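Undergrad: The structure under discussion is supplied below as structure tokens; questions concerning it will follow.
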Amino acid sequence: MHKHLRLIYFFVKTELASHTQYRLGMVTWIINGAIAPLLMMFIWLVVSGNAALTLSQSQIISYYIITLLIARITQCWSIEDVGKEIRRGNFSSRLIKPYHYIDEEWGSTLGKKIVRLIPLIPLLSVLALIFNRSLSYRTDSESILLFLLSLILGIFVRFYLSNLLAVFTFWLNEYHSLEFLHNSFMEIFSGHLLPLALMPVVLRTVAEVSPFRFFISFPAEIAIGLASPEAIVSGFGVGIIYILGFRILYNYLLTAALKKFTAYGQ
Amino acid sequence: MANNLRKYLKILGQLWIFSLLTSLEYRFQTIVRLFRMTFDTLVIFVFIYAFFSKAPVISGWTTDSILLNFGVFTALYSGLYVFLGNSFYDLAPKIRDGMLDGWLLKPADSQFLVSFNLMHPQNTIRTVIGFIIFLYALNRLPIYLDFLTWPLFIIQFISSFAICYSFLSIFATFSFWTYTNDLYALSDTTMFIARYPLDIFPKTFIHLFSIIPLIFVATIITRTLLGERDMLSFISPFLAVVFIIFSRQFFTFALKRYSSASS
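Chains as they are written, first to last, in numbering that gives the first Met the number 0: chain A, 0 to 265; chain B, 0 to 262.
As structure tokens, this is what we get:
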């Protein structure tokens, strides 16, 4: 365990060093990622000024601002990173190293999250100042603990799903299609653009059983007090099942893939 | 001039065939991409319906007129991306890797080649969906028709095409200094704001979206069809010319400062 943590820490530092050379990119990534949710927030505020919605204006603002933070914390790049390595024939160099490549992925993912959180803090501070009268989050210790646990759950669900999808590159010889599918479903069912409470019934039903809701919606609902105690308990249960299921499937498929893997490329 | 036009149309055709063959190399990826485009567009259609059906009128815009705006934007922007594809996204990696030189040395205009070397023929499906939504909404709305409506609509549509291209080209050109496509990605994301009629936003945003010319992308065009004309309705062709000239000058300026990584 100690060895794994040391490895992860090493790759976090490497990733930080690698990404801080593109400082403009650090800022534009955050602005880029904030445009769509903030646009949705403004549209819902406009609509709520003309019609009664199931969420109040305060809940809408609180939801979209917290999703900016949650989206960055749970984000994962493994489909592209691992898929690219397999596609280019560089993956074999990962296999001969004296550790499982997943430790490197953990370190790389955590490092990238930290890089993106640094410029996000000023943006969130500005938004908190502008909207401070409208923000309403659950600040009791129990809710904060549940929120942090739901974030950890979201990180693990997304990480194992991304790495599971990346493994399919061994058979498909490309990863873009998997990334497209993952991102398409994630945009809709994670609650990133549309809170589940405001979705049409059919979409909401699908979103509630999908793993994507743990990426953003589940932690956000806990933070603003939308989730009932029963929903929180069942949510954690389903999330843990997803983590175990993805991990088992990932181990099985990776073993099968490595049996037939032949490196090619430069 | 006619010879030049024929030459560039021929090159465009060749680049189109090349892009089509490249995309068909990975058929599964192409099928998934087509699925994604259709799925994404239809879901946004459902979202818009979900948003705006809760209130019959927002700042003078009904659900059907908002859908008309969305149809105009989707047809226009997707149509542009049929030709632009990944060309601008690929500019920064080409600059970093020294691969841009191969395109600059060819006997054709550099900005033309940089803009259209990696087309996305698959975006045609999104363009078609955009037109279908446009026709669906048009059918449900009382469209204002006089002798000026359709000529003005066509002029504005073409101008909007030129404005969008120039806006994206300007931000892509920053790659010569930044070596990344982050600013271009930001400009691309910003354009999606024009999916919604910009009049529904607060006045400050409307002024901002007139300076960043988002209001000319789809909102003004939709207003023309709905019979709402003002000074802005007649500005877009002039704005298009200004933007084209500026993007051209800026690209030429960037090329003069460019020193190849490979030589």
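C-beta atoms are modelled at their ideal positions from N, C-alpha and C, and glycine is treated no differently. Just so we're clear, the structure is a prediction, and the values are computed from it rather than from any experiment.
I believe residue 125 (chain A) touches residue 19 (chain A) by the beta-carbon criterion, under 8 Å. Please report the beta-carbon distance rounded to the nearest angstrom.
TA: Contact flag wrong, Cβ pair sits at about 22 Å.
Undergrad: Please list, in chain order, the residues of the region 184-200 of chain A that have any C-beta partner in chain B closer than 9 Å.
TA: Hits within the stretch, in order: 184, 186, 187, 192, 193, 197, 198, 199.
Undergrad: What are the boundary residues of the alpha helix (DSSP H) that includes residue 1 (chain A)?
TA: Where residue 1 (chain A) is concerned, the enclosing alpha helix (DSSP H) stretches over 1-18.
Undergrad: What residues are listed by DSSP as bridge partners for residue 60 (chain B)?
TA: Per DSSP, B:57.
Undergrad: Taking just the CA atoms, how far does residue 253 (chain B) sit from residue 202 (chain A)?
TA: Distance between the alpha carbons of residue 202 (chain A) and residue 253 (chain B): 47 Å.
Undergrad: Identify the contact partners of residue 155 (chain B) in chain A, using a Cβ-Cβ distance below 9 Å as the criterion.
TA: None at all; the shortest Cβ gap to chain A is about 23 Å.
Undergrad: When you compare only the Cα positions, how much space is there between residue 294 (chain A) and residue 151 (chain A)?
TA: Nothing can be reported for residue 294 (chain A): it is not among the residues displayed for chain A, which extend from 0 to 265.
Undergrad: Would you call the region 85-101 of chain B and the region 37-55 of chain B in contact, with 3 or more CB pairs under 8 Å?
TA: Touching, no, given that fewer than three Cβ pairs across the two stretches are closer than 8 Å.
Undergrad: Below 7 Å CB to CB, which residues in the same chain sit around residue 80 (chain B) once its five sequence neighbours on both sides are set aside?
TA: Counting only Cβ-Cβ distances below 7 Å, and skipping sequence neighbours, we find 119, 122.
Undergrad: Would residue 25 (chain B) and residue 91 (chain B) qualify as a contact pair, given that the criterion is a beta-carbon distance under 8 Å?
TA: No.
Undergrad: Residue 20 (chain B) CB to nearest chain A CB: under 8 Å?
TA: Chain A contact via Cβ: absent.
Undergrad: Quick one: residues in its chain with C-beta nearer than 8 Å to the C-beta of residue 102 (chain B), no 5 flanking neighbours on either side, listed in chain order?
TA: Contacts found: 93, 109, 112, 113, 116.
Undergrad: Below 7 Å CB to CB, which residues in the same chain sit around residue 126 (chain B) once its five sequence neighbours on both sides are set aside?
TA: Taken in chain order, the residues that qualify are 74, 77, 78, 81.
Undergrad: Establish whether the CB of residue 54 (chain B) and some CB of chain C are separated by less than 8 Å.
TA: Here chain C cannot be found, since the structure's protein chains are A and B.
Undergrad: Report all residues from its chain with a CB closer than 7 Å to the CB of residue 188 (chain A); omit the five preceding and five following residues, and keep chain order.
TA: Taken in chain order, the residues that qualify are 205, 206, 209, 211, 212.
Undergrad: Tell me whether residue 261 (chain A) is buried or exposed, calling it buried when 16 or more other Cβ atoms sit within 10 Å of its Cβ.
TA: Looking at its Cβ environment, which holds fewer than 16 other Cβ atoms inside 10 Å, residue 261 (chain A) is exposed.
Undergrad: Kindly list, in the order they appear in chain A, the residues whose Cβ is closer than 7 Å to that of residue 195 (chain B).
TA: In chain order: 42.
Undergrad: Leaving out five residues on either side along the sequence, give the residues of the same chain with a beta carbon under 6 Å from the beta carbon of residue 58 (chain A).
TA: So the qualifying residues of the chain are 223.
Undergrad: Determine whether the Cβ of residue 103 (chain A) lies closer than 8 Å to any Cβ atom of chain B.
TA: Taking Cβ atoms only, chain B never reaches closer than 8 Å to residue 103 (chain A), which makes this a no.
Undergrad: Could you compute how far the alpha carbon of residue 231 (chain B) sits from the alpha carbon of residue 153 (chain B)?
TA: Near 15 Å, if we compare the C-alpha coordinates of residue 153 (chain B) and residue 231 (chain B).
Undergrad: Rounded to whole angstroms, what is the Cα-Cα separation between residue 160 (chain A) and residue 81 (chain A)?
TA: Looking at the two C-alpha atoms, the distance is approximately 13 Å.
Undergrad: Which complete beta strand (DSSP E) runs does the region 140-171 of chain A hold, if anything under 3 residues is left out?
TA: Listed in chain order, there is nothing to give.
Undergrad: Classify residue 229 (chain A) as buried or exposed, calling it buried when 16 or more other Cβ atoms lie within 10 Å of its own Cβ.
TA: It counts as exposed.
Undergrad: Taking DSSP as the reference, what is the three-state secondary structure of residue 96 (chain B)?
TA: Helix, per DSSP.
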